[in-house]
Amino acid sequence: MSVELPSSEPPLSKDVGVLRAGWGYASVSDKIAGIVLAGGFGWRWWAAFLFTFAGVLVFFGAMAWLFVRGVGIWGVNVPVAWGFAIANFVWWIGIGHAGTFISAVLLLLRQRWRTSINRFAEAMTLFAAAIAGIFPILHLGRPWFFYWLVPYPNVMNLWPQWRSPLVWDFFAIATYLLVSLLFWYVGLIPDLATLRDRAGHQRRRARQVVYGLLALGWRGEARHWARYETAYLLLAGLATPLVVSVHTIVSLDFAIGNTPGYHSTIFPPYFVAGALFSGFAMVLTLAIPLRHFFGLHAFITERHLANAAKVLLATCWLVGYGYAAEIFTAFYSGDQFERYMTVNRWIGPYAPVYWSMIACNLLAPQLLWWRRVRHSVPMLFMLSLVINIGMWMERFLIVVSSLHRDFLPSAWGMFYPSVWDWAQLLGSVALFVWLFLLFVRYLPAISIAEMRELVRESAQGKP
Amino acid sequence: MTTARAPIPIMPAADGRRRFLKLMAASAALAGAGCSGPPAEQILPYVRMPESLVPGQPLFYASSFVRRGLAHGVLVESNMGRPTKVEGNPDHPASRGATDVFAQASVLQLWDPDRSQAVQRGDQPASWAAFELALNERRAGFDKDGGAGLRILTGDVSSPTLAAQLAALLRKYPAARWHSYDPLHDDGAASAAEIAFGQPLDTLYRIERAAVVLTLDADLFGDWPGAIGHARDFTAGRRLGANPSAKRLYAMEASAALTGAFADNRLARAPREIERALWRIAARLGAAPEAGVAPDLAGARWEAAVAKALAASRGHAVVAAGPSLHPATRALVHRLNATLGNIGSTVLHIAPVSVAPPQHAQSVAQLAHAMHAGAVDTLLILDANPVYTAPADLEFAQAMRCVALSAHLGLYRDETARSAGWHLPLAHCYEQWSDARAHDGTAGIVQPLIAPLYGARSAHEVLAIVLGDAQRNGHALVRGTWREVRGAGFEQFWQDALRRGVIDGSASQALAVRPAARIDPPRQDEHGIRVVFCADPAVDGGEFANNAWLQELPRPLSQLTWDNAALLGPATAARLGVASGDVVQVRLAGRALAAPVCVLPAQAEDTLTLPLGYGRSAAGSVGDGVGFNAYRLRTLAALGGAAMAEISKTGAVHALALRQREADMHGRAIVRVADAGRFRRQPDFAHALERERVPEQSLYPPVAYQEYKWGMAIDLNACIGCAACTIACQAENNIPVVGKDEVMRGRAMHWIRVDRYHSEGRTLFQPVPCMHCENAPCEQVCPVGATVHDSEGLNVQVYNRCIGTRFCSNNCPYKVRRFNFLQYSNTTLAQLKALQNPEVTVRRRGVMEKCTYCLQRISRARIEAEKLERRILDGELVTACQAVCPTQAIVFGDLNDPSSAVRRAKAAALDYTLLPELNTHPRTTYAARVVNPDPELE
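So the protein lines, in turn, are chains W and S.
Residue numbers for the first sequence follow the working numbering, beginning at 1 and rising by one.
Residue numbers for the second sequence follow the working numbering, beginning at 1 and rising by one.
As structure tokens, then:
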């Protein structure tokens, strides 16, 4: 850090694209902490909260019925033994990717535009990964025995079967969830201290105590900051390979299998690209209403949205490459089962899903080549929703259309989702939004500490 | 053997008398519902076990399962007094060690909780004594007028004891009448014999002596007396391609049937076309006057080729015609067989096995008319359901109301029971003493395995009441009949008969008969769509409608479960603008019926086949309201079918639960077929269909299977697709039934399915059990090691360890794994618990299951062998599917035993692996099919 003369006046930000001009330390803190502490969220928040809470009840109600009756309440069958639950799992875990990517990878790459979006993106990651983690358990025939995947010592001397990618998956997801949680929490500590102090000023004792406990005695000392920075950087370093590993291993759940449509070496990079694609789409889906309803236009600027849009465009092409590679491999291999699977995706019973997916994931994002589209907030919001849906369809197609017509035509079948499949999917979306609403209610959605740093940096005219 | 369990004594609680009485009633009910033990009389286990059948701990009793009046020899497995499984009786001519699906499912019928459990008078519970009292009130009247108002209605009857009892009854009351009606009785065969021979005769076919077999809408391998023997004899020479061109089967069929599916040359034609073709073929062979030429080229070539083949195999041919053809045409078949010199060689005639009046339609019509006229005051219906099955225009339900005392003896409180004054519960075949003859006349004793569960009685015991006999015990009655036949040495004879299940030398002698020289052709002026009624391959005429195993059995040709459907050919369906699932209205002579269509490529055009046995209203909780009731269209005139049906689309759609929807192999080498010529030129043609593969590399050393190495070989040259294996497996392995909705979702649980493909005009069958891959894809992906390999190469499933990820099923390229998506096994009903095989785990929801190669049988055989300090011998151990197979298409055994049959089968040039490119190394392999089509018809 360069040596500077201490200035008596606190700095004021200049417009650097990712932060508008005229913000100081105090005003940034006031703005962000104010969202949490000001209270009075208004009817819109309450309406959204109650609506999604109804969805949460549906989710848990469907879960209870599932435990009572069994997975037969879904549309799964033989040959399509995996259905919505696995598609939802892959989708959510994919969404959970962007947060860590933004926080960790962009941090290591010193991308300044990550600052104002990393916090809520990490929260998104956490919620998405947690929801994703529920689905494989719900999906089990006997969910109460899910812990048999854990290598714990037992009198039967039974161990998991290590050749199965599901065991790897268990570890990959557990690790990812743990590291994401740590990363998010460590990043929150200075802000929690800010909230603690401000709640104290406002004489809100309960909040002060809770935030205080969570802040772990943060006093803002230079030593704290130094260790914090080191720890954060280390965690970023730890989380970075996880961004790649989690979805790689999720993809192995499929790629290890011999089913045409699963058995493909392109899957790991293809899944990671797809995860980033859907994750950034979800970041946009969340960022746009956030800045709109809480007036955060100064912090989450059009530059942020445009940058996310560029990432979308890039990952869209990566995903497109994945699609193309799958098709090429199917025909180049000459394998009749692979060929049939590919053609069946084009013209078989699930062809409408395939072509919708192509429209959502490959065609629609091409609009982002236009600057006007990248800078049009409504367009971006629409596109982000379209991509989210498209990516869900991709997961559905991989899981279902590969299974429904494999080797022996006599065993071919169809998967039709039941009402409980939909309840679980839509309920999980409701749960996600509900958790996010609680998050913006109780925790700073943008990192106060990092924003203050950005104020200083912009005031000093750092690029 | 256990005796009846005493109810657990329950101390009455403090709240007094009412509760005590309630508890007493409950425990009395429990005692009744529980295991009721063996019958009081001495019954004898089957001691002389044939080779290749395993005696295990359970006891096997030889008995007979009687269907449509004919005996099917069975060995019933009894576990602690509970009959749980049926095997064929190798000594019995109708069984030869195998069974059909009905005999397999008969144990479920025995334990069916919906069976009638009490005597009923109208809607009120009554007793046998009350029935006797009611009958005795009539007796004075019978004595006065010779029983003029007394009528007995039975199905087909071959039982010597029943025949003797009925004869005694008719002697005692000369004015009484005995009527017979079985809805599927082949009246036409009797008429044809009358025309040809002047007397009703049964026809037997000696397929083993035949070189050419021509069937004319005659399902010799399926719905035909002696079908198992026909299939066994026809396929015998073809095993493993030994001698594929020794026999050739030509089939002309209107409805798709097993025989046609297996035929070397098959032609689908409407019944009238078949008849015309037959007259022309007969004319070519000099058995009929000149009858013109075939209207189309394909037909002409076919007829020429068939005539040539028949002429070339004089004395070694069989021509058989089925019930959809006119009796005169069927008489011509007798003439043709005589002309060809087949009679006495491949075609034999015997005196009718049935003792009931041979013309059932006429018989039931006479009864109904008499009832309507008020001439019947006492009607006794013994094991028949005429209210449901009788010709629709007889209005039998109404006729029942004109009878003062009507009593129905049956297994279920069915439609007839509900309109009869009295209903009497009938003892099941495995609960009663009786006797019956097989299709060739061989007699056998029906011995009970268990005392009647619900105080039911046999027809003999009921007739004894009617006769006022002092002797009312079924055992004594049956012994009485045979004591008269045998006289001296009776006890030894009786013991032998019980042990063996058949009575030696009781088969009917072939009669030397000659058909009339001239048979007149029937008048033929019909046109339009012809309706053919047929037995449903799973519920028969409806008597098995409440049998859930059979309801869920995919019908071999249509793969339909839990329904019947109006079967149409593709061109006819296209002309009518209907597709599978569309509901059509069928109008026939003023009667209408709504039925869903199922389009089958093997179905003849202009022919609508309506399977009977559905649309029941009082079958029980399983069968009620399933399918449509084709009997409603079946009038007296239309018993054998009728022309001029009008079919119109209703616009409604009915969801059909098809087990298999895709019938095309998509160019994949799944069922491998070649004709005999190609097989001669290229004996390993099955492998020529495989892609060239990279040599396999593995990092792991090969596993040495030191002890046993189990393997299975399925010979597609023998499999006729009858699906008996599916039901046998279900009975053996406690496989639950899931119901129509679950089948439609794709969740049927059968461990061995019989796949059906359509390829180049042929219907091909392929039984698919677990392949027990040595390099099993399922094992590699299970996260908890719930599916593992054992030291003998079995791929075993550990139910306790399974958590239900279903990854194994996804990774199984053969899709043979079955998952308990819900709690499918019924673990609450006492009867269904009693039915379970005690050696096989009953699975809970959430676990995967699949074929185990009958692991419990392997264990049993191993224990027996170890007791004798030797290895399991080849043939000592048979799987359930292997045991039941009518054509012995399935061979199972030890691949380490160089002399084992399975090793021989796998050494055959035809042996191939399903999906070999996946390197799974299945232990189950197939012998490719070699067909023998007529080269002139290529």
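Positions of the beta carbon are idealized from the N, C-alpha and C atoms, including for glycine.
All of these numbers come straight from a predicted model, not from anything done at the bench.
Item to check | Secondary structure of Trp-710(S), DSSP reduced to three states | outcome: As a first step, residue 710(S) must be located in the second sequence, where it is residue number 710. Secondary structure at Trp-710(S): strand, using DSSP grouped into helix, strand and coil.
Next on the checklist: Taking 8 angstroms as the threshold (beta carbon to beta carbon), is Glu-662(S) in contact with chain W?
Outcome noted: Residue mapping note: residue 662(S) aligns to position 662 of the second sequence, counting from 1. So yes, Glu-662(S) belongs to the interface.
Checklist entry - Just reading off the alpha helix (DSSP H) that Leu-297(S) is part of, what are its end residues? => result The residue labelled residue 297(S) in the question sits at position 297 within the second sequence. Annotation: the continuous alpha helix (DSSP H) that includes Leu-297(S) extends over 297-312.
Next on the checklist: Judging by CA-CA distance, which residue of Pro-58(S), Glu-41(S), Ala-40(S) is the nearest neighbour of Glu-864(S)?
Outcome noted: Counted from its first residue, the second sequence places residue 864(S) at position 864. Distances from the CA of Glu-864(S) to each of Pro-58(S), Glu-41(S), Ala-40(S) were compared; the closest alpha carbon is that of Pro-58(S).
Checklist entry - What span of residues does the alpha helix (DSSP H) with Asn-810(S) cover, start to end? => result Within the second sequence, the letter at position 810 stands for residue 810(S). Run containing Asn-810(S): 807-811, per the alpha helix (DSSP H) assignment.
Next on the checklist: Using the Cβ count rule (16 or more neighbours within 10 Å means buried), how would you classify Asn-154(W)?
Outcome noted: As a position in the first sequence, residue 154(W) is number 154, starting the count at 1. By the 16-neighbour rule on beta-carbons within 10 angstroms, Asn-154(W) is exposed.
Item to check | Minimum C-alpha distance to Cys-885(S) - residue among Ala-728(S), Cys-812(S), Pro-813(S), Gln-836(S) | outcome: Along the second sequence, one-based indexing puts residue 885(S) at 885. Nearest to Cys-885(S) by alpha-carbon distance, out of Ala-728(S), Cys-812(S), Pro-813(S), Gln-836(S), is Ala-728(S).
Item to check | Tyr-176(W) at chain B interface by Cβ criterion, 8 angstroms | outcome: In summary, chain B is missing from the structure at hand, where the protein chains are W and S.
Checklist entry - For Gly-88(S), which beta-bridge partners are listed by DSSP? => result Sequence index remark: in the second sequence, residue 88(S) carries index 88 (1-based). As DSSP reads the structure, Gly-88(S) sits in a beta bridge with Val-74(S).
Item to check | Cβ neighbour criterion (16 or more within 10 Å) applied to Tyr-211(W) | outcome: Here residue 211(W) is taken as the residue at index 211 of the first sequence, counted from 1. With 16 or more other Cβ atoms within 10 Å, it is buried.
Next on the checklist: Excluding the 5 residues flanking Pro-50(S) on each side, which residues of the same chain have their C-beta closer than 8 angstroms to its C-beta?
Outcome noted: Taking the first residue of the second sequence as position 1, residue 50(S) is located at position 50. Summary for Pro-50(S): the model assigns pLDDT 46, below 50, so the residue's position carries little reliability, and this model does not support an answer.
Item to check | Cβ contact (3+ pairs, closer than 8 angstroms) linking the region 103-111 of chain S and the region 898-913 of chain S | outcome: Look at the beta carbons and you see the region 103-111 of chain S not touching the region 898-913 of chain S: under three pairs across the two are nearer than 8 angstroms.
Checklist entry - CB-CB under 7 angstroms to Phe-407(W), same chain, minus the five flanking residues each way: which ones, in chain order? => result Here residue 407(W) is taken as the residue at index 407 of the first sequence, counted from 1. Around Phe-407(W), the same chain offers Phe-337 as residues with beta carbons nearer than 7 angstroms, after the five sequence neighbours per side are excluded.
Checklist entry - Who does Gln-124(S) pair with in a DSSP beta bridge? => result As a working mapping, residue 124(S) is identified with position 124 in the second sequence. Checking the DSSP bridge columns, you'll see Gln-124(S) partnered with Arg-121(S).
Checklist entry - Are the C-beta of Arg-163(W) and some C-beta of chain S separated by less than 8 angstroms? => result Along the first sequence, read from residue 1 onward, the residue named residue 163(W) stands at position 163. Interface residue (Cβ-Cβ distance to chain S less than 8 angstroms): Arg-163(W) is classified as such.
Item to check | Expected contact under 8 angstroms - CB spacing of Pro-323(S) and Arg-530(S) to nearest Å | outcome: For this step, residue 323(S) is matched to residue 323 along the second sequence. For this step, residue 530(S) is matched to residue 530 along the second sequence. The Cβ separation is near 13 angstroms, so there is no contact.
Item to check | Contacts around Ala-686(S), its chain only, beta-carbon distance under 7 angstroms, and the 5 residues preceding and following it disregarded | outcome: Your numbering for residue 686(S) matches position 686 in the second sequence. So the list reads Arg-672, Leu-910, Tyr-912, Ala-928, once near-sequence residues are dropped.
Item to check | Buried or exposed (CB count within 10 angstroms, at least 16 for buried), Pro-922(S) | outcome: For this step, residue 922(S) is matched to residue 922 along the second sequence. Classification for Pro-922(S): buried.
Item to check | Run of the beta strand (DSSP E) containing Glu-253(S), from where it starts to where it stops | outcome: Looking up residue 253(S) in the second sequence gives position 253. Here the beta strand (DSSP E) through Glu-253(S) covers 248-253.
Item to check | Closest by C-alpha distance to Leu-658(S), when choosing among Leu-636(S), Val-743(S), Leu-340(S), Ala-724(S) | outcome: In the second sequence, the residue the question calls residue 658(S) occupies position 658. Closest option to Leu-658(S), Cα to Cα, is Val-743(S).
Checklist entry - Which residues mark the beginning and the end of the beta strand (DSSP E) in which Cys-534(S) is found? => result Here residue 534(S) corresponds to residue number 534 of the second sequence, with the count starting at 1. Here the beta strand (DSSP E) through Cys-534(S) covers 529-534.
Checklist entry - Below 8 angstroms between beta carbons: does that hold for Gln-585(S) and Ala-594(S)? => result Residue 585(S) sits at position 585 when you count from the first residue of the second sequence. Residue 594(S) sits at position 594 when you count from the first residue of the second sequence. Cβ atoms of Gln-585(S) and Ala-594(S): closer than 8 angstroms.
Next on the checklist: Please list, in chain order, the chain W residues whose beta carbon lies closer than 8 angstroms to that of Gly-785(S).
Outcome noted: Here residue 785(S) corresponds to residue number 785 of the second sequence, with the count starting at 1. Under the 8 angstroms cutoff, chain W gives Leu-158, Trp-159, Pro-160, Gln-161.
Item to check | Within-8 angstroms CB hit, Ala-132(W) to chain S | outcome: By one-based count along the first sequence, residue 132(W) stands at place 132. Against chain S, the CB of Ala-132(W) has no partner CB under 8 angstroms away; the residue lies outside that interface.
Item to check | Per-residue contacts from Met-665(S) into chain W (C-beta, under 8 angstroms) | outcome: Start at 1 with the first residue of the second sequence, and residue 665(S) comes out as number 665. Residues of chain W passing the Cβ test: Pro-409.
Checklist entry - Where does Leu-167(S) land, buried or exposed, given buried means 16+ other C-beta within 10 angstroms? => result Residue 167(S) sits at position 167 when you count from the first residue of the second sequence. Per the sequence shown, the amino acid found at residue 167(S) is Ala instead of Leu. Burial check for Ala-167(S): the Cβ neighbour count within 10 Å stays below 16, so the residue is exposed.
Next on the checklist: Classify Gln-492(S): buried if its beta carbon has 16 or more other beta carbons within 10 angstroms, exposed otherwise.
Outcome noted: To locate residue 492(S), count along the second sequence from 1; it is residue 492. Burial call: exposed.
Item to check | 8 angstroms Cβ cutoff met for Pro-452(S) and Trp-433(S) | outcome: Looking up residue 452(S) in the second sequence gives position 452. Looking up residue 433(S) in the second sequence gives position 433. Cβ atoms of Pro-452(S) and Trp-433(S): not closer than 8 angstroms.
Next on the checklist: So, at 7 angstroms on beta carbons, what are the nonlocal neighbours of Ala-14(S) in its own chain, with the 5 sequence-adjacent residues on each side left out?
Outcome noted: Position 14 of the second sequence, counting from 1, holds the residue named residue 14(S). Any reading at Ala-14(S) must be qualified, since the residue scores a pLDDT of 48, below 50, and its modelled position is unreliable; no value is offered.
Checklist entry - Are the CB atoms of Asn-795(S) and His-758(S) nearer to each other than 8 angstroms? => result Position 795 of the second sequence, counting from 1, holds the residue named residue 795(S). Position 758 of the second sequence, counting from 1, holds the residue named residue 758(S). With respect to His-758(S), Asn-795(S) sits apart: the two C-beta atoms are not nearer than 8 angstroms.
Next on the checklist: Quick check on the burial criterion: 16 or more other C-beta atoms within 10 angstroms. Buried or exposed for Ala-420(S)?
Outcome noted: On the second sequence, residue 420(S) is found 420 positions in, with the first residue counted as 1. The C-beta of Ala-420(S) has 16 or more other C-beta atoms within 10 Å across all chains shown, which makes the residue buried.
Checklist entry - Residues of chain S with CB under 8 angstroms from Gln-424(W), in chain order? => result The residue you call residue 424(W) lines up with position 424 of the first sequence. The premise fails here: Gln-424(W) is roughly 15 angstroms from chain S at the closest Cβ pair, so nothing lies under 8 angstroms.
Next on the checklist: Between Leu-557(S), Arg-870(S), Glu-484(S), Ala-320(S), which has its C-alpha nearest Pro-225(S)'s C-alpha?
Outcome noted: Counted from its first residue, the second sequence places residue 225(S) at position 225. That would be Ala-320(S), whose Cα lies nearest to the Cα of Pro-225(S).
Item to check | Ala-121(W) and Val-243(W) closer than 8 angstroms at C-beta | outcome: Against the first sequence, residue 121(W) aligns to sequence position 121. Against the first sequence, residue 243(W) aligns to sequence position 243. Going by C-beta atoms, Ala-121(W) is not nearer than 8 angstroms to Val-243(W).
Item to check | Interface residues of chain S facing Gly-70(W) [CB-CB closer than 8 angstroms] | outcome: Here residue 70(W) is taken as the residue at index 70 of the first sequence, counted from 1. The contacting residues are Asn-820, Phe-821, Leu-822, Gln-823, Arg-845, Gly-846.
Next on the checklist: For chain S, check one thing: does any of its Cβ atoms lie closer than 8 angstroms to the Cβ of Ile-347(W)?
Outcome noted: Against the first sequence, residue 347(W) aligns to sequence position 347. It does not: the Cβ of Ile-347(W) has no partner Cβ on chain S nearer than 8 angstroms.
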